[in-house]
Structures are given as C-alpha cells and as structure tokens.
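Input: a single structure, listed below in structure tokens.
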C-alpha cells in the first residue's frame, strides 16, 4: 500500500491522519497515512526516508513549508507565489512536485459558509506566510478590495506590492483602516495561539461583517470571541480551512474530491465534546 504522511515539529497535535482517513472511507479506500516528527535541519532526510518506505506523498506543516518549497523539483504557480509548499508528491522518476493548498482550502471553507468574497471589502490581518499563501486565491474571487494590515507595515506593503498584479490590494496601517467595518475580516496572524488580539481597532467590524480566524481550538479562539463581542454577523475559526486544504491535497494524490462538509461536522462535534 502506498504511504502518505504529514511532517511537522511539533506534530502530535496534527489531525491530518484522521481527516485523510475520513476522506478515504468515503471512497472505500485503504489508506496508509501517519504523522511524523521531523527534526529541525533534517527535513530532506525525513522525506528521503519516506520515499525509501514506499511513500508517495506528504503534507507539510510548520516549520517546514519553506524546506518543502526548496526541495521540490516542480512547483505550481501558486506555490511559487506563496514561497511555501504544504503538499509534496513523490514521483516514480525520483522528482518531487510541490503545491500549496492553504489558499484553496480557505476559499472552499468561506464558500461553504457563504462568506462574502466577490465584490467584498476584505481586511486581511497579518503579512506572514499564512497571508502570502491565501492572497492570490482570495483575489481570484474578485473582491472589491483586499486591505492588508500588519504590525510591521513594511511587510504588508511588500505583500500588497507583490500581489497587486492580481487585483486591488493595498497595505494600510491600523490607524488608517475603515471605521465603518469590512465585509470580511480574516485573521491570518498567530495572535489567537497566544490568546492575544491582533493590533487593529474594533471598528473593523460592523453588524454585517463575516469574521474568520485561520487558527482553531476546541472552543472559540480569542479573535472569534472578540468578533462576537462586537456583534458581527458571523464569526468562525479555521477548522474548515484545515479540512479544505486536506481535501485539495487528497484530490492531488488520488484524483477524488471528498465531501468536506461531512468531515467538518464530525470534527467539530469531536472538538466540542
């Protein structure tokens, strides 16, 4: 049986094996998918070991998405733009394909939850790798504008400049943000992981805002709680994005599109038990 895995450090918390097994069950597939701790500086050796064991593909999480990008022989255009890879395909000829499915996974989850994207005014908080990975797929959905806001403004400016060829994207500082609220606010920063709020004012929200945190926990994240306290229309975390990006990886490897909604419901129920 072909082997698949997810690499990370740490990795114990990863739900990828559970998600991919749930997808495989939808198609009565037998799937060998595990999670592996890769030591810092040893990522290539870990991938080589997987290949020697009959490995055909790997998902990649922090902190190895840059290593995976560097290691891939063939990169998709989106991976090149993102400068990161979260999905590796190990080809029979010894080459490696690198792709990123984070952005498509986010858009899939936003679409499932009927978030406003096309023609919307979108605020993207953060300008790191997570933001870089989702900006092009967001712009492909033809929003009115995407505003990038980051604690270090120069990083937001660099990101907006890089992606301006794909749509209307600008960088603003926190005190320049709209005071009437945005249609869609996406927190791509890691603030919720440390129980902090991003450095933006609550005036980014209004009663029609759809708020989305790319982090997730077994209860509302700090950002989701803050958004709800400011009476937004909807506020959700990034569990669906995790499942969406996994579904995109599954399709790359197996050519089958799983039912994401079903797995999201199952995972959400398990998280809240």
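Numbering (the UniProt record's numbering), first residue to last: 1 to 273.
Heads up, the beta-carbon is just placed ideally off N, CA and C, and yes, glycines get one too.
Judged by beta-carbon spacing, residue 171 lies within the 8 Å limit of residue 159, meaning their Cβ atoms are closer than that value. With a cutoff of 8 Å on beta-carbon distance, residue 198 and residue 223 are scored as near each other. Residue 232 is positioned such that its CB atom lies closer than 8 Å to that of residue 211. When C-alpha distances from residue 164 are compared across 140, 194, 206 and 15, the shortest belongs to 140. For residue 33, the beta-bridge partners assigned by DSSP are 4. Just so you know, the alpha carbons of residue 147 and residue 169 end up roughly 6 Å apart. At least 8 Å separates the beta-carbon of residue 237 from that of residue 259. Taken through DSSP and simplified to helix, strand or coil, residue 210 comes out as strand. The beta carbon of residue 204 lies closer than 8 Å to those of 123, 177, 178, 181, 182 and 185 in the same chain, with the five residues before and after it left out.
Nearest to residue 39 by C-alpha distance, out of 269, 8 and 50, is 8.
Between residue 188 and residue 126, the CB-CB gap stays under 8 Å.
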